[in-house]
Amino acid sequence: MATSVSNVRSETLRTLPDDNVRQILWRFAERYDLQMLVQSAREVARGPVARLVAEGQRANHDWTDKKAELLDAFDQSGITAVFMDPEQGGYIAGPKNLALALIAFELAWVDAGAATCSLAGCLALAPIHERGTPEQRAHYMALAVPPAPGEDRVAWRGAFCLTEPIPYVGVDTGMLSGKLRVSKWKKGDDPLLQVEKRGRFITNMGFANFVTAAVDSGDPRIKGSCMVIIEEGDPGVYDRGTPTRKLVHQLSSTCDPIFNVFVPASRIVGGYTVKDGIIIPNYSHSEVIEAVFKRTRVTVALMTSAKLLSAVEPVIRYQRGRFRGSEQAKPGSLRYEMGIQQRQDALHRLAGLWAIGEAGASLGFAAARLYDELDPLEREKASILSGKDIHGGKTELKFFREVNKSAMEVVRQENSGQTNSACYTDLKADPLVQFALKDAVANVLCPAAKLWNTGTGSNAMREALSLMGGYGITEDCPGFLAYKWMDSQLEATYEGPEAVQRRNLSVTMTSELFLAQFRQWILEMREVAGKRPGTGACSIATAMQLWLWTYQHLQSATDADGGALYQSARQGVTFPLADALCWLLAARQFILDVVELETKGPEHPVLAEGLPGTLSFFTDLCHIQAARSAGEVGRICAELVFGYNRHPAWDEEGYKGCYRSDELDSLEGLIPGISSCASDVVGEDGSHPVKAGPCASCKGLEGFQRIRTKLDGCLTGAQLAKDRAAEAIAKVMIPEALDYPR
Amino acid sequence: MNQLFHIVVCASVVPDPLQTLEPVTGANGPSLKNEMMLPAILDPWAAHALYEGANLARQIAGSKLWLVSLAPKAKLQQVMMTAAQKVPLQLVAVDGPCGGFVDAHQTAALLAAAIRKIPELDFSRLLLFGGWESASRSAGVTLQLIGEELGIVDQFQGVDAIKPQDDGSFEVLERIEGARHQVSVCTGPPAVLGWATGSLGEPRNDPQVGMANMRSIMPALQRATAGTIAPDGLQYSNVAAPKQQRQTQIVKDKPADEIAREIVQWITQE
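Protein sequence lines, in the order shown, are assigned to chains A and B.
Just so you know, the first sequence maps onto residues 1 to 742 in this note's numbering.
Just so you know, the second sequence maps onto residues 743 to 1012 in this note's numbering.
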């Protein structure tokens, strides 16, 4: 990998990164099932989906027959069946987080509404998949899987119904107005339940045959909340409701449904037990939601990243062709060949956006892969705990205190290089320890990806649009960039808006297990930097140190009035710190992915030819992203560390930290030149320098200042990397035309 | 009862036509700029042959379909991620160069040798399918040469349809001058059919078909034999992409005959 020592690189990016590059970066080069899935999803995205967008189907929020054709396309291309296991009619065995992430990425490359439409079906099934009884899983998966050739049936579509009309709304409040009551309960029979639920913004509701709905008990004979399955034919009211008048994601169906139906108690997701005449659902609605959302949020995160990366090619083509056709731009002239790319700003900005897109994709796919690793461990954990008669709640928390200690010991031994001991080997092999370690990271990566990819991605999409000038905000804009920008606002909102993700992070990032691994990552980044200084890994390592210092400082620091800083209610502290962490995680993962490309790329015969240039460019993108992230982290941390101290004023208290002019005069005899060093000097008449007050004391913050100064120095070379990346973008060969709509 | 067929489709990979295809001349002769790095697809002409072949195999019970391809193995594997999802097939791969500047005679010899080695292939039932030309250089000779190597004398080019008869013969529709078709009846296999576009649309990708195919495709790729093509004196004096020319006139109320006459005049000037 090229280093930052020289600004001259012999090789540069020759073509836009292709599937071979992506497969290595995102670790599915060995998975031909996923490679085929990508091609399959791409064909649907750039064919039927793109045609619908081009035909203007997004102009209407109603679910139309034309839009409904997408469902068939999903079925026929295997997209629907991805969620199912082979025994349920699917074709991919094992965890499917990465598979679903790749589908979302491909569909959102063209239209995120189509991606939402596809994923909402999985979301409806997810509660059943994650927490359903074996009977529920077998039944509903079999209904939802597309019919095999020759099979005479229609696949069922599902919707997930959590969000409610204001004031309850959903996701994080823990409050529900939807109610579950016992309607009939004959002794020895399955109780018949009445479900009353009003939904809001429910995706797929225009055509869903079944709904997994979150409800609370409205009956003393039912304990707590749960999720329940409602079917279209259930007695009572199954009203799809009014279509939401949404301005985005119009290729998905969204309605505000109303349900008042009677269902058997066997429809409670995960089943129930009866104790003392009270129905106790095995899982509360929040337990189900937690299991579901922590996976599905990753796919949403990737949608925005896909759109940002999809903007690169149309923007380059627009920039190059900007002046073609004018009298002044003769073929062969610089103006004709390069267009706006003659100017540095156009290239620099595109390089910055591209880096954000890559970093987001790296973070999102890393999270998806982590959940693929976590899923089997979670099942094993559940089995082990069940064997010990531990069923969630405080007992599980207590049990995991010991597991976490073992996990911490693993990290400690790894840090001290004691990985040859039998103790380490045993602990590392313990599935519970493995679960604890991965879970601690996944609990951070998931909200981080959802928050950063969609939030920062949305801002970056706006900039991408601006690079197309006025063309960007027209329906004719190649790549549908204006739609993508608007859509990204929804991605930042649904499945838990930004505040929810920040709150989630502000808790999960304080986990000792996460922080222990975070410390390991600082060393890891230094090691990467040692071998590949051009990646900017060193600046990320220093920024991570600064973040950690700030986090630790804020744990005990107080504001000017003595109020504790790091506490749940103080979102002005916890939320920005969560934001800062996201920048670090994304930049780190991007660097690790490029290291993977450097390692595995040479083995790939197709890649070998252009690999040096591709690596060189990606290394520069990493550096750009690392520098930007380090800058953001430095700014946020400085604001938090200094911002809660009251600035000294020109008053008696403030004067205590100042020299008096007569004092300085007398000291000048003893220490010549001291006067020139003193900045805050108060005259005998009380005069003082014209500024806000005496400079603030940094007592106790020297550690921060030391790292911050170092961090600024770590940015050395970052702009040179940007110059190189810009030059590469100006030269890269792009296709003659965009490959969608097909 | 129709006679079953053993259908062998010869198809290689070509760069995605949307890419910038810029001929360059290197030490080994002409090639396309960044050729190995360009996304590839199954040659569209041969792809039509594949879909028609698969359709025929599906209609006549007991028929079999092989896809024989000479291409760089890694590139072929990438293309198979899409092509293998289209129809059920068995791959026979030869790892070697492909593209618009590779000697068609040597290519034909390698492919013919690979076809001869297919263990279950019954030559008396062989229908050799392929594109009547290719998207790489449109020379349109390789398939005919393979047929000759294999000693198949019944050859049809520009085929748009094949209709098997009950007596084992089949009717073939070939494109001829004047936007017309010539109808021929062939008494039976073996025969070579160089397909034009046929009449079938491109099948949708179906990962389930792909997964089933991949069980045999991945081993086939692993055991792909290396096919060497020697320079053998073949030289290209000049290579260039077809010229694009755009001349726009805005003319009102001109009779169609006159417009047609002008267009013909413009074309004949080229």
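Each residue gets a CB set at the ideal place from its N, CA and C atoms; glycine is no exception.
It should be emphasised that the depicted structure is a prediction, and the values quoted were computed from it without experimental measurement.
Give the interface partners of R37 (chain A) over in chain B, defined as CB-CB distance under 7 angstroms, in chain order. According to the sequence shown, residue 37 (chain A) is Leu rather than Arg. Those are P949, listed as they occur along chain B.
Spatial neighbours of D974 (chain B) within its chain, please: CB distance less than 8 angstroms, with the 5 preceding and 5 following residues excluded, ordered by chain position. D845 and Q848
Considering only DSSP beta bridges, list what V751 (chain B) is partnered with. B:L809 and B:F871
Going by the beta-carbon positions, is the gap between N404 (chain A) and L513 (chain A) smaller than 7 angstroms? yes
Assuming A159 (chain A) contacts P146 (chain A) under a Cβ cut-off of 8 angstroms, what Cβ separation, rounded to an integer in Å, is found between them? Not really, about 17 angstroms apart at Cβ, beyond 8 angstroms.
Along chain A, which residues have their Cβ under 7 angstroms away from the Cβ of N776 (chain B)? R14, T15, G610 and M733
Under a Cβ-count criterion, where at least 16 other Cβ atoms within 10 Å of its own Cβ denotes burial, should I1009 (chain B) be classed as buried or exposed? exposed
Straight-line gap, S743 (chain A) to V641 (chain A) (C-alpha atoms, nearest Å): Only positions 1 to 742 of chain A appear in this structure, which leaves residue 743 (chain A) out of reach.
Buried versus exposed, by CB contacts within 10 Å (16 or more), L670 (chain A): exposed
C-beta atoms of V901 (chain B) and E916 (chain B) nearer than 7 angstroms: yes
Please decide whether Q761 (chain B) counts as near chain A, where near means a Cβ-Cβ distance under 7 angstroms. yes
Helix or strand or just coil, what does DSSP make of F28 (chain A)? coil
Starting from W452 (chain A) and walking both ways along the alpha helix (DSSP H), at which residues does that stretch end? P431 to S466
Y91 (chain A) touches chain B at which residues, Cβ-Cβ below 8 angstroms? P949, Q950 and M953
Comparing alpha-carbon positions, which option in A:D219, A:N260 and A:P314 lies nearest I278 (chain A)? A:D219
Out of curiosity, what's the CA-to-CA distance linking V756 (chain B) and L784 (chain B)? 6 angstroms
By the 10 Å Cβ neighbour count, where 16 or more other Cβ atoms means buried, how is C423 (chain A) classified, buried or exposed? exposed
Does A816 (chain B) come within less than 7 angstroms of chain A when only Cβ atoms are used? yes
Beta carbon proximity, T3 (chain A) to chain B, threshold 7 angstroms: For T3 (chain A), the predicted model reports a pLDDT of 44, less than 50, meaning its position is unreliable and no value from the coordinates is stated.
Does R858 (chain B) pass the burial test, meaning 16 or more other C-beta atoms within 10 Å, or should it be called exposed? exposed
Quick check: the Cα distance between W63 (chain A) and S253 (chain A), rounded to an integer number of angstroms? 5 angstroms
Taking 7 angstroms as the threshold (beta carbon to beta carbon), is R946 (chain B) in contact with chain A? yes
What does the alpha-carbon distance come out to for the pair M743 (chain B) and G872 (chain B)? Model confidence at M743 (chain B) stands at a pLDDT of 46, short of 50, so the residue's coordinates are unreliable; what they give is reported in the following sentence. Cα to Cα, the separation comes out at about 26 angstroms.
Is I522 (chain A) closer than 7 angstroms to Q552 (chain A) when the C-beta atoms are compared? no
Less than 7 angstroms between the C-beta atoms of L592 (chain A) and G601 (chain A), yes or no? no
Secondary structure of L52 (chain A), DSSP reduced to three states: helix
Using a threshold of 7 angstroms, state whether the C-beta atoms of G455 (chain A) and A482 (chain A) are closer than that. no
Strictly by DSSP, which residues pair up with I904 (chain B)? B:V914
Contact set for Y283 (chain A): own chain, Cβ-Cβ below 7 angstroms, skip 5 residues either direction: R131, C226, V269 and G270
Would you kindly report the start and end of the unbroken alpha helix (DSSP H) that includes Y793 (chain B)? P786 to Q801
Secondary structure, alpha helix (DSSP H): runs of 4+ residues fully inside the segment 510 to 554 of chain A: 512 to 531
Give a yes or no on whether the C-beta atoms belonging to W485 (chain A) and L465 (chain A) are separated by under 7 angstroms. yes
Where C477 (chain A) and Y471 (chain A) are concerned, what is the direct C-alpha to C-alpha distance, given to the nearest angstrom? 6 angstroms
Segment limits, beta strand (DSSP E) that includes R724 (chain A): Taken as a continuous stretch (DSSP letters only), R724 (chain A) belongs to no beta strand (DSSP E), being part of the alpha helix (DSSP H) at A718 to K731.
Quick check: the segment 696 to 716 of chain A against the segment 622 to 632 of chain A, are at least 3 beta-carbon pairs closer than 8 angstroms? yes
What do you get for L334 (chain A), buried or exposed, if any count of 16 or more other CB atoms within 10 angstroms of its CB means buried? exposed
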